[in-house]
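Colleague: Under my numbering, the sequence shown has 138 at position 148, and the numbering climbs by one with no breaks.
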Amino acid sequence: MLSRRLFSAAVLISLSLGLIWLDLNHQVRGQAGLWTIPMLAFFALGTVWEFATLLGRRWAVSAPMVTWHASIALLIGLFPIGYSVVMQKSYPTDCPVGRLGWILIGSMVGVGLNGVHALTLFRPPAELSASEEEKNAWHQRTLLGWLLSSVIICYVISGLSLWHVIRMRGESSGLYELIALLAIVKLADAGAYFSGKLFGKTKLIPSVSPGKTMEGLLGGYLFSIAAAYLALRWALPLMGVSPGLTGWGPALLAILLTTAGLVGDLLESMVKRSVGAKDSGNLLPGLGGVWDVTDSVLPASYIGYLGLIAQL
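#1: Taking the beta carbon of residue 281 as the centre, do at least 16 other beta carbons fall within 10 Å, making it buried, or is it exposed?
#2: Could you give the first and the last residue of the continuous beta strand (DSSP E) run that contains residue 200?
#3: Hey, could you find the ends of the beta strand (DSSP E) residue 193 is sitting in?
#4: Just confirm the distance between the C-beta atoms of residue 70 and residue 48, as a whole number of angstroms; I'd bet it's less than 8 angstroms.
#5: From which residue to which residue does the alpha helix (DSSP H) around residue 122 run?
#6: List in chain order: all unbroken alpha helix (DSSP H) runs of 4+ residues lying wholly within the stretch 254 to 294.
#7: Residue range of the alpha helix (DSSP H) that residue 59 falls in?
#8: In angstroms with no decimal places, state the Cα-to-Cα distance between residue -6 and residue 28.
#9: Where do the N-terminal and C-terminal ends of the alpha helix (DSSP H) with residue 40 fall, by residue?
#10: Quick one: Cα of residue 255 to Cα of residue 287, how far?
#11: Hey, how far is the Cα of residue 122 from the Cα of residue 131?
#12: With a cut-off of 8 angstroms, do at least 3 Cβ pairs link the stretch 154 to 164 to the stretch 186 to 197?
#13: Is the stretch 4 to 20 in contact with the stretch 262 to 272, if contact means three or more CB pairs nearer than 8 angstroms?
#14: Can you tell me the Cα-Cα spacing of residue 289 and residue 96, whole angstroms?
#15: Report the three-state DSSP secondary structure of residue 99 (helix, strand or coil).
#16: I'd like to check one pair, residue 143 with residue 63: are the Cβ atoms closer than 8 angstroms?
#17: Would DSSP call residue 175 helix, strand or coil?
#18: Thinking residue 56 and residue 4 are a contact (beta carbons under 8 angstroms), I'd like their distance in whole angstroms, please.
#19: Which class does residue 106 belong to by DSSP, given the choice of helix, strand or coil?
#20: How many angstroms separate the CA atom of residue 251 from the CA atom of residue 222?
#21: So what does residue 18 bridge to, in DSSP terms?
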């Protein structure tokens, strides 16, 4: 098991570093950010697939259909970079829609497509037509399936698309900021894990995640604060990037990112416990699944983006 985990982690890290290197050194048609799109697509659609597959064990959620609709939502959200590639000029900064607007439009299109799919299923099968109670149950099941599918698309696609918005904040500076934020979130995860293993005694929320402890959470905060100051006060300025954060800014940002990451982790644990699953999927053998990698990253994306533009 350990060898599979190490192998999957090595492959994932190697491919990610390779795409990051290409993004920094080999622009396509003079456009930055294109090489990070495969990573975005893999993590976003992989998370959608696993999320929908888990819910599909108990509710009327079709993983293939939701993933297809999520793909369309993701493509719409990436319209600004597609515009830049095709038109060979920067996406207009004065466009009323902006980059965030396209993410919202894409998510709403995904919700609408899910709704159309639900409408095609709303009519009960012929064998249920004789029972009013069975028809009502079918209608409720179909409606709940649409709502759950829509939540998946809005939560995953809008969250991970924000990371690409951060990447596009500058030709290379945005990528460095993105890497710094991801490092803070993942080091918080690592700090919480090791601190919990070494010192964990007080259970945090045992009904959702029995392994999480208050001591582990404290370790996660300390690790993330140290990582934030290291990344935002030393590494980024060394690369010529100035996030513009105030003296306490990195600490505040780290605490908010860690808290948001914890919420994302617990939400995933709640879903897995509800359907009796240990891992989110098998797309990343040994690592638990794609959603197990992105669980803390998803809600932290909102905090990371707002923290950068607010210059805490």
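Note that CB positions come from ideal geometry on N, CA and C, so glycine has one too.
Modeller: For this structure:
#1: In the sequence shown, counting from the first residue as 1, residue 281 sits at position 291. Label assigned to residue 281: buried.
#2: Start at 1 with the first residue of the sequence shown, and residue 200 comes out as number 210. 199 to 203 is the span of the beta strand (DSSP E), which, as asked, contains residue 200.
#3: For the purposes of this step, residue 193 is taken as the residue at position 203 of the sequence shown. That run of the beta strand (DSSP E) goes 193 to 195.
#4: Counted from its first residue, the sequence shown places residue 70 at position 80. Counted from its first residue, the sequence shown places residue 48 at position 58. About 38 angstroms separates the two Cβ atoms, so there is no contact after all.
#5: Here residue 122 corresponds to residue number 132 of the sequence shown, with the count starting at 1. 122 to 157 is the extent of the alpha helix (DSSP H) around residue 122.
#6: Fully contained in the stretch 254 to 294 are the following alpha helix (DSSP H) runs of length 4 or more, in chain order: 280 to 284.
#7: Here residue 59 corresponds to residue number 69 of the sequence shown, with the count starting at 1. For residue 59, the enclosing alpha helix (DSSP H) has its first and last residue at 53 to 67.
#8: Translated into positions along the sequence shown, residue -6 becomes position 4. Translated into positions along the sequence shown, residue 28 becomes position 38. In a straight line, the C-alpha of residue -6 is about 23 angstroms away from that of residue 28.
#9: Along the sequence shown, read from residue 1 onward, the residue named residue 40 stands at position 50. Residues 27 to 46.
#10: Along the sequence shown, one-based indexing puts residue 255 at 265. Along the sequence shown, one-based indexing puts residue 287 at 297. If you draw a straight line from the Cα of residue 255 to the Cα of residue 287, it comes to about 9 angstroms.
#11: Counting from one through the sequence shown, the residue named residue 122 turns up at place 132. Counting from one through the sequence shown, the residue named residue 131 turns up at place 141. Rounded to whole angstroms, the separation of the alpha carbons of residue 131 and residue 122 is 14 angstroms.
#12: Because the criterion of three Cβ pairs below 8 angstroms is not met, the stretch 154 to 164 and the stretch 186 to 197 do not touch.
#13: As far as the Cβ criterion goes, the stretch 4 to 20 does not touch the stretch 262 to 272, which means the pair count is below three.
#14: Within the sequence shown, residue 289 is the residue found at index 299, counting from 1. Within the sequence shown, residue 96 is the residue found at index 106, counting from 1. The alpha-carbon atoms of residue 289 and residue 96 are separated by roughly 18 angstroms.
#15: As a working mapping, residue 99 is identified with position 109 in the sequence shown. Reduced to three states, the DSSP call for residue 99 is helix.
#16: Indexing the sequence shown from 1 puts residue 63 at position 73. Indexing the sequence shown from 1 puts residue 143 at position 153. Taking 8 angstroms as the cut-off, the beta carbon of residue 63 is found closer than this to the beta carbon of residue 143.
#17: The residue given as residue 175 occupies position 185 in the sequence shown. Helix at residue 175.
#18: Position 66 of the sequence shown, counted from the first residue, corresponds to residue 56. Position 14 of the sequence shown, counted from the first residue, corresponds to residue 4. Not confirmed; about 30 angstroms, so no contact.
#19: Looking up residue 106 in the sequence shown gives position 116. Helix at residue 106.
#20: If you number the sequence shown from 1, residue 251 lands on position 261. If you number the sequence shown from 1, residue 222 lands on position 232. The alpha-carbon of residue 251 is positioned some 19 angstroms away from that of residue 222.
#21: Residue 18 sits at position 28 when you count from the first residue of the sequence shown. Answer is 21, bridged to residue 18.
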